[in-house]
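Chemist: Sending over a structure as structure tokens; questions will come in a sec.
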Amino acid sequence: MPEMPEVETVRRTLIPLVKGKTIKKVTLWFPKIVSTDHDKFINELPGKKIIDIDRYAKFLLIRLTGNLTIVSHLRMEGKYHLTSVNAPKDKHDHVQFEFTDGTALRYNDVRKFGRMQLVLTGTERMTTGIGKLGYEPNSAEFTDDYFIDSLKRKKKNIKSTLLDQTIVAGLGNIYVDEVLWRTKIHPLSAASKISRKKVIELRKNINDIISLAIKMHGTTVHTYLDANGHSGGFQKELKVYGHAGEPCVVCGTTLKKIKVAGRGTTFCPHCQVIYK
DNA sequence: CGTCCTGTTCCACG
DNA sequence: CCGTGGAACAGGAC
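Here it is in structure tokens:
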């Protein structure tokens, strides 16, 4: 599942493949991927050049000339890859951006959950899900005081809180399990009851784990690949996610898997303390 | 064949 | 109106 480190890796690998290219034609093989007006998407993009690609949390922002931005969310299995225009279409290729140089950027998504929106550059926060997001890990705004205050107000458990993106945006199921294990906080702990000291530690671990995962080009556990088709490297560093039933590397207790907020959640019943 | 899985959005509820 | 929780989405794995 692409979370912030994987999306950042896609951004970095995609830029050299498409920056400076001019779109010649757009094909929507599965139109539902585009959640803004389809005619506009098909008619306004030809002639526009890709200037750059930005990112906020798990959203990619493909910057185009003409003051346009394609906001792209990969959801669970979305991928981009560059091919020749003539390459046979994969069963799960859903959108194609054909360039004037004969290459094409294709969006491939087995689950078809990913979404793209065409918006005016600068209006992203108003017109897409980005508006509801909290601050990013490692951003200047994501401070101890902000995090302590925000968690105090929450009535949910810490796992649901970190997954919901409204306080800190970019973590998904994998990194939430990892940061909670590293901070020794039980996923069902009440977000508002975690001590000040542990919240500070949690913020540091979120920042550290996200930074390290970006450095290692993300995590490939199911099907995630970057724009060059390469796997990530952080899966080797995972201590709990995908390791249910195995011994905790710190204390040897068997890691347990439960469901929290409808998500599979792996944790160490011995190391991770419940605050309630 | 039925169930599970999964990020975000949408909707219902209190 | 707001926070919360659960369904919906889609299809491959088991």
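For reference, each letter of the first sequence is one residue, going 1 to 276 in the UniProt record's numbering. Cβ atoms here follow ideal geometry from the backbone N, Cα and C, with glycine treated the same way. Predicted model, so just to flag it, every value in this text is computed and none were measured.
1) Alpha carbon to alpha carbon, how far is ASP93 from ARG106?
2) My assumption, with CB atoms under 8 angstroms, is that THR266 sits in contact with TYR241. Please give the rounded CB distance.
3) Pull up the distance between the alpha-carbon of LEU180 and that of PRO46, whole angstroms please.
4) Select from LYS154, THR69, GLU178 the residue whose C-alpha is nearest the C-alpha of THR128.
5) Within the continuous alpha helix (DSSP H) that includes LYS204, where are the two ends?
6) Quick one: any contact between the segment 96 to 111 and the segment 140 to 154, if contact means 3 or more CB pairs under 8 angstroms?
7) By the 10 Å Cβ neighbour count, where 16 or more other Cβ atoms means buried, how is GLY78 classified, buried or exposed?
8) Given that a residue counts as buried once 16 or more other Cβ atoms are within 10 Å of its Cβ, and exposed if not, what is LYS58?
9) Which value, in whole angstroms, describes the spacing of the CA atoms of LEU212 and GLU44?
10) Output needed for TYR56: all residues of its chain with C-beta closer than 6 angstroms, excluding positions within five of it in sequence on either side, in chain order.
11) From ILE206 to SER231, what distance separates their C-alpha atoms?
12) Under the rule that 16 or more other beta-carbon atoms within 10 Å means buried, what is PHE234, buried or exposed?
13) Start and end of the alpha helix (DSSP H) containing GLU44?
14) Output the distance between the C-alpha atoms of residue 297 and GLY20, rounded to the nearest integer angstrom.
15) For GLN117, which of ASP37, LYS154, THR100, ILE185 has the nearest alpha-carbon?
16) Determine the contact status of ILE214 and PRO5, defining contact as a CB-CB distance below 9 angstroms.
17) Can you give me the C-alpha to C-alpha distance between SER84 and GLY264, rounded to a whole angstrom?
18) Checking 9 angstroms against the spacing of the C-beta atoms, do LYS49 and ILE23 come in under that value?
19) Quick one: Cα of LYS25 to Cα of TYR175, how far?
20) Using the C-alpha atoms, what's the distance from VAL18 back to ASP101?
21) Drop a sphere of 10 angstroms on the beta-carbon of SER67, count the other beta-carbons inside from all chains shown, and report buried for 16 or more, exposed for fewer.
22) So, at 7 angstroms on beta carbons, what are the nonlocal neighbours of ILE62 in its own chain, with the 5 sequence-adjacent residues on each side left out?
Modeler: Let me lay it out:
1) Distance between the alpha carbons of ASP93 and ARG106: 6 angstroms.
2) Their Cβ separation, rounded to whole angstroms, is 6 angstroms, which keeps THR266 and TYR241 in contact under 8 angstroms.
3) Distance between the alpha carbons of LEU180 and PRO46: 46 angstroms.
4) THR128 has its Cα closest to that of THR69, out of LYS154, THR69, GLU178.
5) That run of the alpha helix (DSSP H) goes 196 to 215.
6) Between the segment 96 to 111 and the segment 140 to 154, the count of Cβ pairs shorter than 8 angstroms is below three; the stretches do not touch.
7) Here GLY78 is buried: its Cβ has 16 or more other Cβ atoms, across all protein chains shown, within 10 Å.
8) Under this definition LYS58 is a buried residue.
9) Between LEU212 and GLU44, the C-alpha separation is close to 39 angstroms.
10) For TYR56, where only same-chain residues beyond five positions count, the Cβ hits under 6 angstroms are ILE130.
11) Cα-Cα distance, rounded: 22 angstroms.
12) When all chains shown are included, PHE234 counts as buried.
13) 38 to 44 is the span of the alpha helix (DSSP H), which, as asked, contains GLU44.
14) The displayed coordinates of the chain run from 1 to 276. Any statement about residue 297 would go beyond what the structure contains.
15) When each option's Cα is compared against that of GLN117, the closest is ASP37.
16) Note that the C-beta distance between ILE214 and PRO5 is below 9 angstroms.
17) In this structure, the alpha-carbon of SER84 lies about 39 angstroms from that of GLY264.
18) Note that the C-beta distance between LYS49 and ILE23 is below 9 angstroms.
19) Rounded to whole angstroms, LYS25 and TYR175 show a C-alpha spacing of 38 angstroms.
20) Taking the straight line joining both Cα atoms gives about 11 angstroms.
21) Per the sequence shown, the amino acid found at residue 67 is Asn instead of Ser. With fewer than 16 other Cβ atoms from the protein chains shown falling within 10 Å of its own Cβ, ASN67 counts as exposed.
22) Cβ neighbours of ILE62 beyond the five flanking positions: ILE50, ILE53, THR69, ILE70, SER72.
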